[in-house]
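Numbering (numbering that gives the first Met the number 0), first residue to last: 0 to 881. I have placed the structure first, in the form of structure tokens, so that the comments after it can refer back to it.
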Amino acid sequence: MELAKNFQHTEAELKWYAHWEKSGYFKSEPDDRPPYTIVMPPPNVTGVLHMGHALNNSVQDILIRRAKMTGYNTCWVPGTDHASIATEAKVVGMLRDMGIDKKKLPRDEFLKYAWEWKEKYGGIILKQLEKLGCSLDWSRTNFTMDDAYYASVIRVFVDLHEKGLIYRGVKMINWDPKAKTALSDEEVMHKQTNSKLYYVRYKLDTGKDEYITVATVRPETILGDTAVCVHPEDERYAHLKGQYCFVPLINRRIPIIFDDYIDKEFGTGALKVTPAHDINDYNLGLKHGLPVIDTLNDDGTMSEAAQLYIGMDRFATRKKIVEDLKAAGNLVKEEDYSNQVGYSERTNEVIEPRLSMQWWCNMQELAKPALEAVMSDQIEFHPAKFKNTYRHWMGGIKDWCISRQLWWGQRIPAWYDSENGLYVAKTSEEAHEQYKITKPELAAKQPELRQDEDVLDTWFSSWLWPMEVFDWNRTPDNTDLKYYYPTSTLVTAPEIIFFWVARMIMAGYEYMGEKPFDKVYFTGIVRDKQGRKMSKSLGNSPDLLQMIEDSGADAVRFSVMISSPAGNDLLFDESQLEQGRNFINKMWNAMKLVKGWETRTVDGLEDSQVKFALDWMDARLAHVSQELAEMIKDFRLSEGLKTIYSLIWNDFCSWYLEWVKPGMEQPLSRNVYERTINIYEQLLQLLHPYMPFVTEEIYHLIKDRQAGDDLIVKQLPVYSTPDAVTLASGTKLQELITAVRDTRIKNQLKPKDTIKLWIDTTHHSFYEGAQDMLRRQVNAEQLGFIGKDGAQAPTTGMIALVVQTDKLYIEAAAATIDTTVQREQMQKDLEYFKGFIVSVSKKLDNEKFVANAKPDVIANERKKMADAQDKVKTLEESLAAM
RNA sequence: GGGAGCAUAGCUCAGCUGGUUCAGAGCAUCUGCCUUACAAGCAGAGGGUCCGCGGUUCGAACCCGUGUGCUCCCA
Numbered sequence: 000m001e002l003a004k005n006f007q008h009t010e011a012e013l014k015w016y017a018h019w020e021k022s023g024y025f026k027s028e029p030d031d032r033p034p035y036t037i038v039m040p041p042p043n044v045t046g047v048l049h050m051g052h053a054l055n056n057s058v059q060d061i062l063i064r065r066a067k068m069t070g071y072n073t074c075w076v077p078g079t080d081h082a083s084i085a086t087e088a089k090v091v092g093m094l095r096d097m098g099i100d101k102k103k104l105p106r107d108e109f110l111k112y113a114w115e116w117k118e119k120y121g122g123i124i125l126k127q128l129e130k131l132g133c134s135l136d137w138s139r140t141n142f143t144m145d146d147a148y149y150a151s152v153i154r155v156f157v158d159l160h161e162k163g164l165i166y167r168g169v170k171m172i173n174w175d176p177k178a179k180t181a182l183s184d185e186e187v188m189h190k191q192t193n194s195k196l197y198y199v200r201y202k203l204d205t206g207k208d209e210y211i212t213v214a215t216v217r218p219e220t221i222l223g224d225t226a227v228c229v230h231p232e233d234e235r236y237a238h239l240k241g242q243y244c245f246v247p248l249i250n251r252r253i254p255i256i257f258d259d260y261i262d263k264e265f266g267t268g269a270l271k272v273t274p275a276h277d278i279n280d281y282n283l284g285l286k287h288g289l290p291v292i293d294t295l296n297d298d299g300t301m302s303e304a305a306q307l308y309i310g311m312d313r314f315a316t317r318k319k320i321v322e323d324l325k326a327a328g329n330l331v332k333e334e335d336y337s338n339q340v341g342y343s344e345r346t347n348e349v350i351e352p353r354l355s356m357q358w359w360c361n362m363q364e365l366a367k368p369a370l371e372a373v374m375s376d377q378i379e380f381h382p383a384k385f386k387n388t389y390r391h392w393m394g395g396i397k398d399w400c401i402s403r404q405l406w407w408g409q410r411i412p413a414w415y416d417s418e419n420g421l422y423v424a425k426t427s428e429e430a431h432e433q434y435k436i437t438k439p440e441l442a443a444k445q446p447e448l449r450q451d452e453d454v455l456d457t458w459f460s461s462w463l464w465p466m467e468v469f470d471w472n473r474t475p476d477n478t479d480l481k482y483y484y485p486t487s488t489l490v491t492a493p494e495i496i497f498f499w500v501a502r503m504i505m506a507g508y509e510y511m512g513e514k515p516f517d518k519v520y521f522t523g524i525v526r527d528k529q530g531r532k533m534s535k536s537l538g539n540s541p542d543l544l545q546m547i548e549d550s551g552a553d554a555v556r557f558s559v560m561i562s563s564p565a566g567n568d569l570l571f572d573e574s575q576l577e578q579g580r581n582f583i584n585k586m587w588n589a590m591k592l593v594k595g596w597e598t599r600t601v602d603g604l605e606d607s608q609v610k611f612a613l614d615w616m617d618a619r620l621a622h623v624s625q626e627l628a629e630m631i632k633d634f635r636l637s638e639g640l641k642t643i644y645s646l647i648w649n650d651f652c653s654w655y656l657e658w659v660k661p662g663m664e665q666p667l668s669r670n671v672y673e674r675t676i677n678i679y680e681q682l683l684q685l686l687h688p689y690m691p692f693v694t695e696e697i698y699h700l701i702k703d704r705q706a707g708d709d710l711i712v713k714q715l716p717v718y719s720t721p722d723a724v725t726l727a728s729g730t731k732l733q734e735l736i737t738a739v740r741d742t743r744i745k746n747q748l749k750p751k752d753t754i755k756l757w758i759d760t761t762h763h764s765f766y767e768g769a770q771d772m773l774r775r776q777v778n779a780e781q782l783g784f785i786g787k788d789g790a791q792a793p794t795t796g797m798i799a800l801v802v803q804t805d806k807l808y809i810e811a812a813a814a815t816i817d818t819t820v821q822r823e824q825m826q827k828d829l830e831y832f833k834g835f836i837v838s839v840s841k842k843l844d845n846e847k848f849v850a851n852a853k854p855d856v857i858a859n860e861r862k863k864m865a866d867a868q869d870k871v872k873t874l875e876e877s878l879a880a881m
């Protein structure tokens, strides 16, 4: 078969993905093997693949593929999240483009459009994950608005309501005037913003021309003021006890109250109190019995209660009221001010704190076992630093606002009668039953109940994900749930530790009586080269699908994984794609080289010359394989990839293949060929989880395979601990080769110039195995040992060098021998080692050191000393000979 | 305002319980090579005040204190 010049990624990706899927390698059913389960963090149903997904899902695929090779029954469950706010916003936008106003649509008609949208655009992202090579069990795909899933969300709502944990109440919430819905605290992002601090004076009700000045960044809320507050110990205002003042422009008479909540140093030390529009003011209002005047409509315009600017947007009002205050003589001054402003996570709109009737979930009791599980490492967090964040949040956990004023989502299963009587039930029928029993007379007259208009927070469905994807609600005793739950590892971003991770743990303990996963691995945030978070608004997020098309999924996975150290952010730079592509090319060429030997193999050919190389490579493989297992266990995936990269490029290609390479047109022993193929296979296997396509392709090209012999399911061999002497011998040979090459260059020897190499050593057995490779790699026509077969130490015209404690002499006809550089180098080495001996001697002569240090440390120092002395001796002799 | 974390080569990071022969890797850089798998390559090299200061210790990149700078989370 003619081999392509390069790896053709597009064809290979289509071919192998289809093959894996057709062969059922992605599918999982419970069996005798231990399970390894991951539930994918469901992306938004309308989302498209971005760098964050690429990182997150590459990590999961690596863990899954690796587990598959080590005897586990792996199950990776895909799915999507209905993403209430995000999706509804998109549908509303689409309707607007069609000239349809959501407000004018009945609920069910809007939902029809929403489902149409979902059918059309939903799940694109799952298709895109195939492109990345994700080995997902597609037969288990879930969606958080599927009927079964919907039912489980409703069940949990009803259950928590029965337990008294879910209740309805008026509280200060975060209002998003664009999406026109309440948000949970977690959905609000605080951003440092440049604002203005306005100083506004309020006339006192003393009949005189006296004022009190307050400072505010939100002057439009003045219209909702119901008090001015000062610190009880603030002498400036002590005389105002029991006094009143007037709200500017509307002249409402409001009291001056005293509370030590006030920061005397801030502004003027006097605070305007607007209980309807600030959480702290609200609490003050509660304490002091102040009225609440809500001056905002749900779209962020001023309400009738504001008296002025009715219907005008809040920010326009802010400008206007400043002008009016100035005109009225109430504006004292304004100054620049930087403060934190809350923005909606989804719509990026400035949040308005607002009093509102919402549904709440009390988290206190649910949080207890969830906190304990993480603190005691029953659930391991990687990196562990996130335990602190988690504890901090869980310790101060507040009630969760779970209702959203939206239509796309699970509708709250609560019904009201005309007297506002409340019935919470799984179905309308059940609610009506309750109604008839509770209020038979009313029900006889008015049989219809009105269902709550709101839907539940998206996260109120996502928190059931690890159990509900295995059909917990309908069949809680099913074999899948028993086998796969608790799942093995959750891979997610630290940003959603509260939104999602913490709540899944709570739901897991509450409903399964068991944690949802053993381990959580938090990936970093994807940033660009300059360290900026990748985002649509910055436009710094590369087009992932284009990258896959251009460079291939393997190169993309390589570039993402090579630069994401455990627990740190990923700084993505497209140059890493090139590194990935080069690596693929390197492997491809190595395959071509090895394949090229096939026709030149001969049975029973003496291969003692390269036995050294084979043994060493086997030892390296065993050694690195063990290291890699540790790294993957600790989620040091980036380090793992670097390690395999180096094993393949340096150890295998640069050293091993060069060592066993037969000469031009020379035959090769069958045994060496087979072992080389075998080694290459194992390297591919180690790399496969990271770069699945190219490895599978080469695995099949390098040798004919029977049906079903695919790399993805090939089990990793068990390696025995490698022999340290074998490993050290390889290192020594490398050192020798490098040293001789370096010396050649320093003496202007061209690569083609041959040399004679004389070695003065006591380690003859080492050279017996290695000499052939040494000779070829340094282009020596002859290699001799001093003291053997009458060989003499050279006296003149030689270049001397020292490797470890062996003395080497290069004899070269072509050399313009300049020993000065060489001597200087040796002299420097000599001085260093002499200095080193002094410092080690000091240590060993120090009684405190000898008394305190561990015995093996002392033994090691003694060895260092002896080695250094040997080295000094060798160097001195070589110098003398020059 | 409260909390967490980080600072090691030009860049991105390793460096485990304080103790290995000038502190390691990749990328980048420099030099020489189109050597019959690979120039998307080969060979070789250079590059560090381990953020500053103080302390503990026989011994500190590592532990403690402090200062500076940066990042993230929460209010």
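Ideal Cβ positions, reconstructed from N, Cα and C, are used throughout, including at glycine.
Since I believe residue j is in contact with residue i (beta carbons under 8 angstroms), could you give me their beta-carbon distance rounded to a whole number of angstroms?
i	j	result
L463	M590	Their Cβ separation, rounded to whole angstroms, is 47 angstroms, which puts L463 and M590 out of contact at 8 angstroms.
Q409	D453	10 angstroms between Cβ atoms; not a contact.
V802	V777	The Cβ separation is near 12 angstroms, so there is no contact.
M586	V693	6 angstroms
Return the residue from the list the options that minimises the CA-CA distance to residue i.
i	options	result
I211	M188, Q242, V349	Q242
P176	D312, Q450, W499, D416	D312
G92	F109, D80, T79, V76	F109
V272	F469, Y281, E264	Y281
Y336	T220, I411, E161, T192	T192
K870	W458, D805, Q770, D376	D805
H287	V229, T730, A315, I309	V229
K862	F835, K190, Y308, L544	F835
L330	R353, G341, T215, A304	T215
Could you tell me whether the Cβ atoms of residue i and residue j are closer together than 7 angstroms?
i	j	result
I754	A779	yes
S134	D60	yes
M50	M533	yes
L748	L782	no
P254	A226	yes
V519	N55	no
E333	Y149	no
A618	T720	no
V423	V157	yes
Q608	D788	no
V199	L324	yes
Q357	W414	no
C360	I165	yes
With a 10 Å radius around its C-beta and 16 neighbouring C-beta atoms as the bar for buried, classify residue i as buried or exposed.
i	result
K89	buried
S574	exposed
Q363	exposed
D759	buried
M663	exposed
F260	Correcting the residue identity first, residue 260 is Tyr in this sequence and not Phe. Exposed is the call here.
The alpha helix (DSSP H) spanning residue i covers which residue range?
i	result
I678	669-686
G768	763-776
R313	313-326
E846	846-851
Q545	543-550
Y210	Y210 -> not in any alpha helix (DSSP H); beta strand (DSSP E) instead, spanning 210-215.
G603	It is not in any alpha helix (DSSP H) - G603 carries neither H nor E in the DSSP assignment.
Which residues bound the beta strand (DSSP E) around residue i?
i	result
W359	351-360
Would you say the beta carbon of residue i comes nearer than 6 angstroms to a heavy atom of the ligand NAP?
i	result
V777	Absence of the ligand NAP is noted for the structure shown, with no ligands found whatsoever.
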